[in-house]
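Under the numbering used here, residues 26 to 392 are what the sequence shown spells out, in order.
We put the beta carbon where it would ideally sit given N, CA and C, even for glycine.
Since the model is a prediction, treat every value here as computed from it, not as a measurement.
The structure under discussion appears below in the form of structure tokens.
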Amino acid sequence: MKKFIIFILAAALMLSITACGSSTSSNPSSGSSAEKKDILIGVAMPTQSLQRWNQDGANLKAQLEAKGYKVDLQYANNDVNTQIQQIENMILKGCKVLVIASIDGSALTDVLKKAAENNIKVIAYDRLIMQSEHVDYYATFDNFKVGVIQGQYIEEKLGLKEGKGPYNIEIFGGAPDDNNSLFFYNGAMSVLKPYIDNGQLVVVSGQTDFVTVAIPNWDSAKAQARMDNLITAYYADETRLDAILSPNDSLAIGIVASLKNNGYGTPDKPYPILTGQDCDKANVIAMINGQQSMSVFKDTRVLAAKVVEMVEAILEGKEVPVNDTETYHNGVKVVPSYLCEPVYVDVNNYKEILLDSGYYTEADLQQ
Ligand code: BGC
């Protein structure tokens, strides 16, 4: 009996040793996070001057770190050479994947060649990187659809489908060196152009082509200056301005400043319909105040989560999630892309979309 008990105890001991051993070696999370601690991911963002890029950077960093990666996050102050240097540094530090929201989509060809020589995979973030074969994936929101949503908002609010009009409108475009800008413009014009052609919409300035209406650097002050000029030249005689197509919030905030300075916002001279994109805090507040009509919401948490999935798949040699392999040609090749869904926000649904989802708190939107 004694011998039997000793045998049982010894067997139990053996079992527990085997179990411990197997639990450390086969537990994928502890094993891989130990390895992941040595894996550096470079995240290059364009500027801290716009709220969205701060959120994008912070979300990416937090979500990648939560998975156990090391992150080198850099902002380039909208300066192309600074961004190139930052990416060169990331390559020198031995990062394994680069996530890049470019400033000038066509300026990274040489530095990406270096990345490829070092076997580094590249994900273009939000903005496509042009003229390089070394862009492996692209993660963004459906940029054409962003423009369509803005165009449809104007169409609906003015009752254009019902044949109403003519209404006066002015058109703004984004930064000419950002590949997204033409997608936004083309998406919006796909809805608005037929109404311009049939006279339901009148662009009083006559300025409609992208090159003429584009605002360099997405600069609020430049948008404000263009709006001032338009008002002085075409609306000073009290010609009514019914709508303004603005591709994003940084331009919309400049346009609002101009409208305000020029006496809009009274019963006789109401604010025109004004579109935007990003749902920056200042712009949501402008919506609540009736100065901006809508913004397209691109939840940066969702985009960051998708990029983290892509990074993991690349590093684990798994299939990388993409849902578009046709649309985004960068001048050299079609870059396999994942397009997230944008949605519109206005004063009627912002609480549900921005507050209930935890994107903002009530305090964030205090005036
Ligand atoms: C982004 C927009 C942003 C704009 C200005 C675009 O590439 O898609 O969300 O408003 O850049 O930073």
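inquiry  = Considering Cα atoms alone, identify which of TRP243, SER275 and VAL160 is closest to LYS139.
reply    = For the purposes of this step, residue 139 is taken as residue 114 along the sequence shown, with counting starting at 1. Of the listed residues, the one whose Cα sits closest to LYS139 is VAL160.
query = Mind checking LYS343: buried by the 16 CB within 10 Å criterion, or exposed?
reply = Taking the first residue of the sequence shown as 1, we reach residue 343 at position 318. When all chains shown are included, LYS343 counts as exposed.
query = Taking just the CA atoms, how far does ALA200 sit from PHE207?
reply = Here residue 207 refers to the residue found at position 182 of the sequence shown. Here residue 200 refers to the residue found at position 175 of the sequence shown. The residue you asked about is not Phe; residue 207 is Leu in the sequence shown. Approximately 9 Å, taken between the alpha carbons.
inquiry  = At 4 residues or longer, what runs of the alpha helix (DSSP H) sit wholly inside the stretch 219-295?
reply    = The qualifying runs are 235-238, 245-255 and 274-286.
task = State the DSSP-derived secondary structure class of ALA164, mapped to helix, strand or coil.
result = Position 139 of the sequence shown holds residue 164. ALA164 falls in the strand class under three-state DSSP.
query = At which residue ranges does the stretch 64-150 contain complete alpha helix (DSSP H) runs of 4 or more residues, listed in the order of the chain?
reply = 76-91, 105-117 and 134-142
key: Own chain, CB closer than 6 Å to GLY176, minus 5 neighbours either side, in chain order   = Along the sequence shown, one-based indexing puts residue 176 at 151. Same-chain partners within the cutoff: ALA213, VAL216 and LEU217.
key: Alpha-carbon to alpha-carbon, ASP222 and LYS186   = Here residue 186 corresponds to residue number 161 of the sequence shown, with the count starting at 1. Here residue 222 corresponds to residue number 197 of the sequence shown, with the count starting at 1. Looking at the two C-alpha atoms, the distance is approximately 14 Å.
ask   = Thinking just about the alpha-carbon of each residue, which of TYR150, GLU334, PRO191 and THR165 is nearest to the one in LEU89?
value = Reading the sequence shown from its first residue, position 64 is the one you call residue 89. Checking every option, the nearest Cα to that of LEU89 belongs to GLU334.
Cβ pair ASN102, THR134 closer than 8 Å = Along the sequence shown, read from residue 1 onward, the residue named residue 102 stands at position 77. Along the sequence shown, read from residue 1 onward, the residue named residue 134 stands at position 109. For the 8 Å CB-CB criterion, ASN102 and THR134 do not form a contact.
ask   = Counting along the chain, where does the beta strand (DSSP E) carrying GLU195 start and finish?
value = Looking up residue 195 in the sequence shown gives position 170. Secondary structure note for GLU195: its beta strand (DSSP E) is the uninterrupted segment 192-196.
task = Could you pull the start and end residues of the beta strand (DSSP E) that LEU364 belongs to?
result = Within the sequence shown, residue 364 is the residue found at index 339, counting from 1. Taken as a continuous stretch (DSSP letters only), the beta strand (DSSP E) holding LEU364 covers 362-365.
query = Would you say the beta carbon of LEU75 comes nearer than 7 Å to a heavy atom of the ligand BGC?
reply = Numbered from its first residue, the sequence shown carries residue 75 at position 50. For the ligand BGC, at least one heavy atom lies less than 7 Å from the Cβ of LEU75.
key: Whole-Å CB distance - MET319 paired with VAL368, under 8 Å assumed   = As a position in the sequence shown, residue 319 is number 294, starting the count at 1. As a position in the sequence shown, residue 368 is number 343, starting the count at 1. Separation of the CB atoms of MET319 and VAL368 is rounded to 11 Å, and the pair is thereby denied contact status at 8 Å.
ask   = When every heavy atom of the ligand BGC is checked, does at least one fall within less than 7 Å of the C-beta of ARG326?
value = Residue mapping note: residue 326 aligns to position 301 of the sequence shown, counting from 1. No, the Cβ of ARG326 stays beyond 7 Å of every heavy atom of the ligand BGC.
query = Would you report the Cα separation of ILE310 and TYR296, rounded to the nearest angstrom?
reply = As a first step, residue 310 is located in the sequence shown; it is residue number 285 there, counting from the start. As a first step, residue 296 is located in the sequence shown; it is residue number 271 there, counting from the start. Answer to the nearest angstrom: the Cα atoms are 15 Å apart.
task = Can you tell me which of the three DSSP states SER157 falls into?
result = Looking up residue 157 in the sequence shown gives position 132. DSSP places SER157 in coil when its eight states are reduced to three.
query = Is ASN84 near the ligand BGC, judged by its Cβ being under 7 Å from some heavy atom?
reply = For the purposes of this step, residue 84 is identified with residue 59 of the sequence shown, where counting begins at 1. No, the beta carbon of ASN84 sits no closer than 7 Å to any heavy atom of the ligand BGC.
inquiry  = Pairs of beta-carbons, one from the stretch 247-255 and one from the stretch 265-282, closer than 8 Å: are there three or more?
reply    = Flag = yes, the stretch 247-255 and the stretch 265-282 touch.
key: Assigned exposure category for THR386 - 16 Cβ within 10 Å defines buried   = Numbered from 1 along the sequence shown, position 361 holds the residue referred to as residue 386. THR386 sits exposed, since fewer than 16 C-beta atoms from the chains shown fall within 10 Å of its C-beta.
query = Under the criterion of a Cβ to heavy atom distance below 7 Å, does ASP203 qualify as lining the ligand BGC?
reply = For the purposes of this step, residue 203 is identified with residue 178 of the sequence shown, where counting begins at 1. ASP203 Cβ: within cutoff of the ligand BGC.
task = Determine the burial state of PRO272: buried for a count of at least 16 other Cβ atoms within 10 Å of its Cβ, exposed for fewer.
result = For the purposes of this step, residue 272 is taken as the residue at position 247 of the sequence shown. Looking at its Cβ environment, which holds 16 or more other Cβ atoms inside 10 Å, PRO272 is buried.
request  = Report buried or exposed for ALA239, applying the criterion of at least 16 other Cβ atoms within 10 angstroms of its Cβ.
outcome  = Against the sequence shown, residue 239 aligns to sequence position 214. Around the beta carbon of ALA239, 16 or more other beta carbons sit within 10 angstroms, so the residue counts as buried.
key: 8 Å contact criterion, which ILE174 and VAL321 should meet: CB distance rounded   = As a working note, residue 174 is residue 149 in the sequence shown. As a working note, residue 321 is residue 296 in the sequence shown. Correct: roughly 5 Å between the Cβ atoms.
Inter-residue Cα distance where the pair is GLY82 and GLY356 = By one-based count along the sequence shown, residue 82 stands at place 57. By one-based count along the sequence shown, residue 356 stands at place 331. Spanning the two alpha carbons is a distance of roughly 27 Å.
query = Cβ of ARG152 versus every heavy atom of the ligand BGC: is any distance shorter than 7 Å?
reply = Here residue 152 refers to the residue found at position 127 of the sequence shown. Flag set: Cβ of ARG152 near the ligand BGC.
query = Is the beta carbon of GLY199 within less than 7 Å of some heavy atom of the ligand BGC?
reply = Against the sequence shown, residue 199 aligns to sequence position 174. GLY199: yes, Cβ under 7 Å from the ligand BGC.
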